[in-house]
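4 is the number of the first residue of the sequence shown in this note's numbering; add one for each residue after it.
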Amino acid sequence: LKVALPPCRRAPRCRHLRIQGARSSQALGTMGCATSAEITPEQEQHICKVMAKEMMLLCVDPALDKPERIRIPAPREFDALKNAAVKLRRAATDAAAPTSPVAGGGIVAAVKSGLSTMSGAAGQGAAVVLGKLADAFDAAIAKVEAPFSTIATDVVAEKKEDIADVLCTHIIVAEVSDVVTLCRGKPGEVSDFLVGQAARSIATQLRPRVEQAIQAHAGLKAWNALIESHNAACAKLPALNIGVKVDIKDYICEQTVMAIGKRMAEEEAALRTSPDPAARAKTCPAVFRKVFRGERLDYKDHKAVDKNVSKTAH
4 LKVALPPCRR APRCRHLRIQ GARSSQALGT MGCATSAEIT PEQEQHICKV MAKEMMLLCV
64 DPALDKPERI RIPAPREFDA LKNAAVKLRR AATDAAAPTS PVAGGGIVAA VKSGLSTMSG
124 AAGQGAAVVL GKLADAFDAA IAKVEAPFST IATDVVAEKK EDIADVLCTH IIVAEVSDVV
184 TLCRGKPGEV SDFLVGQAAR SIATQLRPRV EQAIQAHAGL KAWNALIESH NAACAKLPAL
244 NIGVKVDIKD YICEQTVMAI GKRMAEEEAA LRTSPDPAAR AKTCPAVFRK VFRGERLDYK
304 DHKAVDKNVS KTAH
């Protein structure tokens, strides 16, 4: 059995497809030919593997065609930083009211004990110090939310071709287990397995291709400014340290891949539930249709896939 992979519009992908087809043909050549209409479980798995990968390749470009639908959340550390600002603001209010039952405790106590060692703090009360720190946090936070919300959209729009090539290369070489179950399961399961569950690995391959675009984005600059503000406050008041450890570029890449994977799952579901799932298929549309409609596969399907690979490989 020779494994067929679909043609695509980008030359680099087609080169990968021919290589994959040739390797698959060599690997499967020792399986022998069936003489009846029945196919072996191994042959069924390989047919479904070809069709699953074609499905994914068909979903890449549509998933990237509307970058505005690809958005990512800020990392959870952002919420922690916002909570720190709220606590600082509350502590400043408490410090200004000596009769408050919490006055002098927690952060307020840390500030009061550190006033003597804080540059420029002489003669200032804890309320003033805390208020200024809270103001700095609030200002930095306000500058992060809007630009960060568009960072994935803008990176995808700028680096669509690079992202598509990374995704297609991953899809072509990825190992797929129990692919029959994935193809016959719920719409979107193939995308989740091939992209969603491999998001971290794909992100590692993607980062060198998109890092420059991330580095130049206002969202990253605003995030770095916020971390600098946090670190400057912590240098004076270690008690404020919330332990920001996220590698923001890795985070952006991985979350972007996950968001793209969700869009691919939507495209997959639309194809699988359409009146004709094979309308856009290039490799053996009749077999593609049978696979995703859950119909029985036979040796004719095996031969059709094998014949298609022979043409593609040569």
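Positions of the beta carbon are idealized from the N, C-alpha and C atoms, including for glycine. Nothing here was measured: the structure is a model prediction, and the numbers come from that model.
### Task
Measure from the alpha carbon of P76 to the alpha carbon of each residue in W226, E231 and A143, then state which is nearest.
W226
### Query
If you draw a straight line from the alpha carbon of A66 to that of Q48, how long is it in whole angstroms?
26 angstroms
#### Entry: For S204, the three-state DSSP class (helix, strand or coil)
helix
### Message
Closest to R275 by C-alpha separation, out of K189, T96 and G134, would be which residue?
### Response
K189
### Query
Among D195, T153 and I205, which has the Cα closest to the Cα of V176?
I205
### Task
Within the segment 130-167, note down every full alpha helix (DSSP H) run reaching 4 residues or more, in order along the chain.
154-161
### Local conformation of N311 per DSSP, three classes
helix
### Query
With 16 other CB atoms within 10 Å as the buried threshold, where does D309 fall?
buried
### Query
How is the alpha helix (DSSP H) around H49 delimited, first residue to last?
P44 to L67
#### Entry: Alpha-carbon spacing of T156 relative to A216, whole angstroms
11 angstroms
### Query
Quick one: Cα of V294 to Cα of C51, how far?
7 angstroms
### Task
State yes or no: is the C-beta of A307 within less than 8 angstroms of the C-beta of V290?
yes
#### Entry: Cut-off 6 angstroms between Cβ atoms - residues of its own chain near K162, not counting five sequence neighbours on either side
V213 and A216
### Query
What residue does the alpha helix (DSSP H) around R79 start on, and which one ends it?
R79 to A98
### Burial state of G32, where buried means 16 or more other Cβ atoms lie within 10 Å
Confidence is the limiting factor: at G32 the pLDDT is only 41, short of 50, which leaves the residue's position unreliable and the question unanswerable from this model.
#### Entry: Alpha-carbon spacing of K90 relative to E270, whole angstroms
44 angstroms
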